[in-house]
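Accompanying notes for the structure given below.
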Amino acid sequence: MNHSEEGLCKAVIIGLGADVPENFSVSEHALVICADGGMKWAKKWGIVPDFVFGDFDSIDDESKKFVETHRVKKYTFPVEKDKTDVELAVDYCIANGVSDVTLVGVWGGRIDHSLGNLEILYKLGECGINGRIKTREMTLEIINKSIVLELVKGMNVSLIALTKEVTGVSTKGLYYPLQEATIMKGTTLGISNQAISESVKITVNEGILLVIY
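Letter 102 of the sequence shown, counting from 1, is numbered 410 in this note's numbering, and no numbers are missing.
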């Protein structure tokens, strides 16, 4: 698939994690990368990725056949390496100017991989890239400036500092409003808020904030 410069603004990375949306689709112009065994989910959802990254130690035979049939370009890496397949895919996005990355299939199963993928989300934030993890029931999204979320009233919303401190945190549309607040890493100030509007705005001055909804 050929991508325009505008098309490369968004990317989707699909991993092998067990906690995934029941159904998932991608926009026509998004760059889609599977991390090794994530091909299983791509095949289930009928998504033909642009690339598949990995050491190919966790991809099943049906997925291999899918890759060959659709002539998906493969980037092969050694089994013994210093980065996970998901991080390699994220690094590709960073190097190629992608500004928005959605990660699916990166949560559930092994807790070390889930926490490692949260660190990758932080890495995206450090690079000034919009990033989120989508699971079956929730989204984990990073904020380093401002975001407007379209939510259902009554939905739980939690805010967690990924950096040592996040300053100037202000919210609109939450039951417990914040105005120029500071959320420190290792504290629970932002846990278990609630949407009282279908449009929730969250802004920060400095730091990287994780919002879970």
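For every residue, glycine included, the Cβ atom is placed at its ideal position computed from N, Cα and C.
{"Item": "Taking C-beta to C-beta, are Ile450 and Gly436 nearer than 8 angstroms?", "Value": "no"}
{"Item": "Please identify the residue among Thr471, Leu467, Ile355 whose C-alpha is closest to the C-alpha of Tyr430.", "Value": "Thr471"}
{"Item": "Spatial neighbours of Glu395 within its chain, please: CB distance less than 7 angstroms, with the 5 preceding and 5 following residues excluded, ordered by chain position.", "Value": "Ile428"}
{"Item": "Tell me whether Asn310 sits in a helix, a strand or coil according to DSSP, three-state version.", "Value": "At Asn310, the pLDDT of 44 sits below 50, so the modelled position is not reliable; the number obtained from the coordinates is stated separately. Note: Asn310 maps to coil in three-state DSSP."}
{"Item": "Using 10 angstroms around the beta-carbon of Asn464, count the other beta-carbons present and answer buried if the total reaches 16, otherwise exposed.", "Value": "exposed"}
{"Item": "Provide the residue span of the beta strand (DSSP E) that contains Asn438, from first to last.", "Value": "438 to 442"}
{"Item": "Taking Glu336 as the reference, which of Trp349, Asp358, Pro329 has the closest Cα?", "Value": "Asp358"}
{"Item": "In the DSSP output, what is Asn501 paired with across the bridge?", "Value": "Val465"}
{"Item": "Taking the alpha-carbon positions, what's the Phe364 to Asn501 distance?", "Value": "41 angstroms"}
{"Item": "Identify which residue in Gly433, Thr377, Ser422, Lys442 has its Cα closest to the Cα of Ser407.", "Value": "Gly433"}
{"Item": "Rounded to a whole number of angstroms, what is the C-alpha to C-alpha distance between Trp349 and Glu506?", "Value": "30 angstroms"}
{"Item": "Looking at C-alpha atoms only, which residue of Thr392, Lys461, Leu482 is the closest neighbour of Asp420?", "Value": "Thr392"}
{"Item": "Please name the residue or residues paired with Gly362 in a DSSP beta bridge.", "Value": "Thr384"}
{"Item": "Would the segment 338 to 347 count as touching the segment 321 to 328 if we require 3 or more Cβ pairs under 8 angstroms?", "Value": "yes"}
{"Item": "What does a CB cutoff of less than 7 angstroms around Ser478 pick up in its chain, not counting 5 residues either side in sequence?", "Value": "Leu486, Gln487, Glu488, Thr511"}
{"Item": "Under a three-way DSSP split, which group does Glu330 fall into?", "Value": "coil"}
{"Item": "So, under 8 angstroms CB-CB, Gly416 and Asp327 are touching, yes? Tell me the CB distance rounded to an integer number of Å.", "Value": "3 angstroms"}
{"Item": "Exposed or buried, Leu423, counting other C-beta atoms within 10 Å across all chains shown (16 or more means buried)?", "Value": "exposed"}
{"Item": "Residue ranges of each beta strand (DSSP E) run of no fewer than 3 residues wholly in the segment 406 to 430, ordered along the chain?", "Value": "408 to 412"}
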